[in-house]
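Q: Can you keep this structure in mind? I'll have questions shortly.
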Amino acid sequence: MGFHSRTVVEASASHSVIKRRFNAAMVVDTEYSELLDREMSTKSKELLAAYWTLAGDVYPGAPTEISPFTLRERAEAASRAGWKGVGLILDDLEYNVQQYGLSGVKQILADTGMKYFELEILMDWYLDGESRAKSDHFRRRVIELGAELGMRNLKIGASPFDESPANFARMTDEFGKLCEDVAKVGATVAIEFMPFSVIRNIGDALKIAEGANQPNGGLMVDHWHVARFGSPYSEVASIPARFIKGVELDDVATEVKGTLLDDSTFNRQLCGEGVADCRAFVDALEQAGCDLPYYGVELISEPFRKLPLDEMAKRAYDTTIAQFSTTAGATA
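For the sequence shown, full-length UniProt numbering gives the first residue as 1, with consecutive numbering after it.
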């Protein structure tokens, strides 16, 4: 074989080796990319804007709690920012049903891609007398409207103004009945524990949910309430996944402003802009095995609610999604 022939053969062999190495590298790179994509998907969540996050300059207990923005304005702002769902309070929903009709409300949610829908907040579901009568009317209406609008979750709680001693046996019994009612429309029921109510913490809410043992009943795990009560994230990680029916993300300020109820109403912080550890909270939920398709975000803040609607929607979304990965804006 001449020099030229050997050179051609060697070059061909060398090319084959390089090609094999390149192909192998591409396989490894593809596998790594797929692994990274899978990891990113587990670290990301679709997000729902809880009512107060986009309601504007209103707050719980205000003279009116109905948003100054139309439902369409809020849903369109949510869609532009990346949200996949919204929550409403009953008064605001009733107002919008009057404005648009029930079919119109459904169309707004469909037009803007809001595939997750929650209603809140049912109080006094375990009491008697006039308070219970009002609660039962609320209950019937949210179930009726929720059935039409595809409600995913109903948030409930204990009123901060209820000063009666906690009767967990009664609460457990009534919670079970409530879950059975709501199950008829295919929704879950989530107890929001609040440190300024008689259902103060994870343990209190879990006692009720475990006692009732309903497949659609569990907890609304709100980061603000976890942090302000002082619950360790290890306690969040120990919640049985089947009892996590809702999650709300937010952050807490360095100091409590007024009472805990005041702080909850006027001083919540955007995720990552307070002193709690939002990423540790997200990790704890993952450790618990939480597999909810979306998490909620509940911003109740005096400065925040005075911002323009699009700015509220974008800032709340961007600061929250950043807690799931180093690439802000990544979506599941």
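Beta carbons are placed, not taken as given, at the ideal position from N, Cα and C, and that holds for glycine.
Would you say the stretch 216-235 touches the stretch 184-198, given that touching needs at least three Cβ pairs under 8 Å?
A: yes
Q: Determine, using beta carbons only, whether W83 and L119 come nearer to each other than 8 Å.
A: no
Q: Under the DSSP definition of a beta bridge, which residues are partnered with K155?
A: A190
Q: Expressed to the nearest angstrom, what Euclidean distance is found between the alpha-carbon atoms of R132 and G157?
A: 13 Å
Q: Report the residue ranges of all beta strand (DSSP E) runs contained in full by the stretch 200-286; include only those spanning at least 3 residues, in chain order.
A: 217-222 and 244-249
Q: Excluding the 5 residues flanking F266 on each side, which residues of the same chain have their C-beta closer than 8 Å to its C-beta?
A: Counting only Cβ-Cβ distances below 8 Å, and skipping sequence neighbours, we find Y59, K257, G258, I300, S301 and E302.
Q: In terms of alpha-carbon separation, which member of V86, A77 and S79 lies closest to W52?
A: V86
Q: Which word fits R67, buried or exposed, when buried means at least 16 other C-beta atoms lie within 10 angstroms of its C-beta?
A: The identity of residue 67 in the sequence shown is Ser, whereas the question assumes Arg. With 16 or more other Cβ atoms within 10 Å, it is buried.
Q: So what's Q323 in DSSP terms, helix, strand or just coil?
A: coil
Q: Buried or exposed, going by whether 16 or more other CB atoms sit within 10 Å of the CB of I160?
A: Correcting the residue type first, residue 160 is Pro in the shown sequence and not Ile. By the 10 Å Cβ count, P160 comes out buried.
Q: Any idea what DSSP makes of V198, helix, strand or coil?
A: coil
Q: Return the first residue and the last residue of the beta strand (DSSP E) that I121 is part of.
A: Y116 to L122
Q: How big is the Cα-Cα spacing for L307 and A253?
A: 19 Å
Q: Between the C-alpha atoms of L54 and Y233, what's the straight-line distance to the nearest angstrom?
A: 28 Å
Q: Do the stretch 145-154 and the stretch 111-130 touch if we need at least three Cβ pairs shorter than 8 Å?
A: yes
Q: Terminal residues of the continuous alpha helix (DSSP H) containing Y51?
A: Taken as a continuous stretch (DSSP letters only), the alpha helix (DSSP H) holding Y51 covers Y51 to L54.
Q: Taking the alpha-carbon positions, what's the G113 to A316 distance?
A: Each residue's alpha carbon lies about 18 Å from the other.
Q: Rounded to whole angstroms, what's the CA-CA distance from C290 to I143? Just pull it up for me.
A: 25 Å
Q: One question on the structure: do V282 and F324 come within less than 8 Å of each other, judged by their Cβ atoms?
A: yes
Q: What does the alpha-carbon distance come out to for the pair R279 and L71?
A: The straight-line gap separating the alpha-carbon atoms of R279 and L71 is approximately 31 Å.
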